[in-house]
Structures are given as structure tokens and as C-alpha cells.
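According to my numbering, numbering within the sequence shown proceeds without interruption in unit steps and concludes at 292.
Data block below; observations after.
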Amino acid sequence: MTIQPRSAPNPWRLIRFVLPVLSWLISALPLVTTAAEDVPHPLSQQAQDEIKKTQTDRIEKLSQQIAENPKSEDLYSQRGDACFFLGQFDKAVADYDEMVKLNPASEASHWRRGIACFYADKFKNAAAQFEMYHSFDDVDRENGIWRYLSQYMAQGRDPARQGLLKYKKDDREPFPAVYQLFAGKITPEEILKQIGEAEIDDQERQKRLFYAELYIGLNYAVEQNPEKALPHLRAATANSWPRKAGFGPHYMWQVGRLHYERLIQKQKKPS
């Protein structure tokens, strides 16, 4: 019998797994060794200031345009986004509500309205919005995640888990695995390992890592575990893919940035 030599392990497969995990460990390290105020924001101060100035200028310009054209759904949409990106969540909800008044047919699909309600602490309203969206799109597990987060904040983890929306059709990666996180059937480490081992190109890996880091972080955040939430939300904010990928991913990048900054501010406040 001839004994065949074992083939050497593929080094690239190992690298694809190690890099995202190593990146997460590096991002988490400062939170373990330093106070929150000593952890550098993934964006420079100039970049943070530019976001605020850009959105402030947008709101001023859009408000002038709305005064001249108060029946424009698109203008309210744009101003609602700008308000949200500035952390003015009640104002964002008001503009999104105005959109629905002008065009009632837009209500079911208005996921931004649900997210704005969530951050305005209107958790029951947020959950109701995501329930409506499910009737519009019964594939998108990201919507189911937001409904879970809203119900968690309104009722607690057990009722939120029991009320998780059921999905029968396939969804884009990494949401099938991420959705299982909220059901308690998979760990964050297992999700990141799956992404690390996947046979995908760098852009797709960054895409999956962004959503995984974002929702792992938000899960820890609603569970009142900021120490574990912060490194994941920081990693999502540092990810360059969503800022260039288009409207939806960019909006979710803003969500991650805002939540990261809110947790940092809370940790800076004296107890």
C-alpha cells in the first residue's frame, strides 16, 4: 500500500480567517486597556466635523426649499436623512411622518422611519413599522433584526425572541447567520469565522464584515453590554465599504457611527 503524502494546508485560506479575527482583536484591545475617552475615533476630528457641517448645511437648504414647496415628499425624505445623520432623531421621525402623510403608499416600505423611531426611543412604533415592512418584503432578515431590537427595548429579550419573524426564503449574506444570533443559535465568533473562511473576494468580505460587526455590536448594545458592543461598532464605523456602496449601506454606516458615538459619550459621563 502506498501512503500518499498529506497536502500542505492552503495558507490563503488561513489568512482569510485570521485577518478579520485579528482585526477585531486589535480594535477591541484599547477598550480593555484604556478608558473610553482614550480610544481614538475611527474617523479623524476633521472628518467628524465635516459630517456635521455637511448635514447642517443640507438641513438649512432643504428647509428653505420645503418652505417654497411644502408638498414635496422627496425634500422631506432628504431632510429627514440629514436630521438623522446629525442625531436629531425626533426631527427625522417628523419628516418621515410627513412623507407618509403626503404619500400613504410609502408607509409599509419606510424602513428609515422605523430606525428613526428606534433611536427616538419610540420602540413600539418602530416595531410596528418593521412589522408593516415584513408585509412588503418577507425575505429581508435585516428588517427582522430591527423588529427584534425594537421589541427587545420595548418588552425584553424573551418576548423579542419569541416574536422573531419567520423566514422561508433565502436572503443575502451574511444575514441568514446573523439572524440566528438574535435567536441565540450562533455566537459572534462563529459568524466572523464563517466570513473569514468564505471563498469570496475582498470587497464581498468587507461587506459581510460590516453587517456582521454592526449587528453584533447592536445586539450587545441592547443587552446593555457596551464594553463588548464598542469594538464591533467601531469596526463597522471604520469599514470603508458602506460609505461608498450606495444609499442603503451608507445609511446603515451612519447608524453604526451614531450608536458608537452615543456609547462613547455615555462612558465619558461621570457616574
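Even for Gly, the Cβ is constructed at its ideal location relative to N, Cα and C.
Predicted, not measured: the structure shown is a model, and the values here were computed from it.
query                                                                                                                                                                           : result
Tell me the DSSP secondary structure of Glu-119 in three-state form.                                                                                                            : helix
Should Asp-159 be listed as close to the ligand PLP, given that the test is whether its C-beta is under 6 Å from any heavy atom?                                                : Judged by which ligands are present, the structure shown has none, so any question about the ligand PLP falls away.
According to DSSP, simplified to helix, strand and coil, what is Tyr-188?                                                                                                       : coil
Given this structure, state the Cα-to-Cα distance separating Met-153 from Tyr-272, to the nearest angstrom.                                                                     : 20 Å
Going straight from the alpha carbon of Tyr-241 to that of Asn-146, what length do you get?                                                                                     : 22 Å
Taking all protein chains shown into account, do 16 or more other C-beta atoms lie within 10 angstroms of the C-beta of Asn-260, making it buried, or fewer, making it exposed? : buried
Straight-line CA distance for Glu-94 to Gly-217?                                                                                                                                : 42 Å
Three or more C-beta pairs closer than 8 Å, one from the stretch 90 to 108 and one from the stretch 248 to 266: is that the case here?                                          : no
Run through DSSP, which three-state label would Asn-124 get?                                                                                                                    : coil
Tell me, to the nearest whole angstrom, how far the beta carbon of Ala-141 is from that of Phe-110; I am working on the premise that it is less than 8 Å.                       : 4 Å
Whose CA, out of Phe-151, Glu-128 and Phe-196, lies closest to the CA of Ile-212?                                                                                               : Phe-196
Taking only three categories from DSSP, how would you classify Asn-146?                                                                                                         : helix
Count the other C-beta atoms from every protein chain shown that fall within 10 angstroms of the C-beta of Lys-290, then say buried if there are 16 or more, exposed otherwise. : exposed
Sorted by chain position, which residues of the same chain lie with C-beta nearer than 7 Å to Glu-163's C-beta, five sequence neighbours on each side aside?                    : Phe-196
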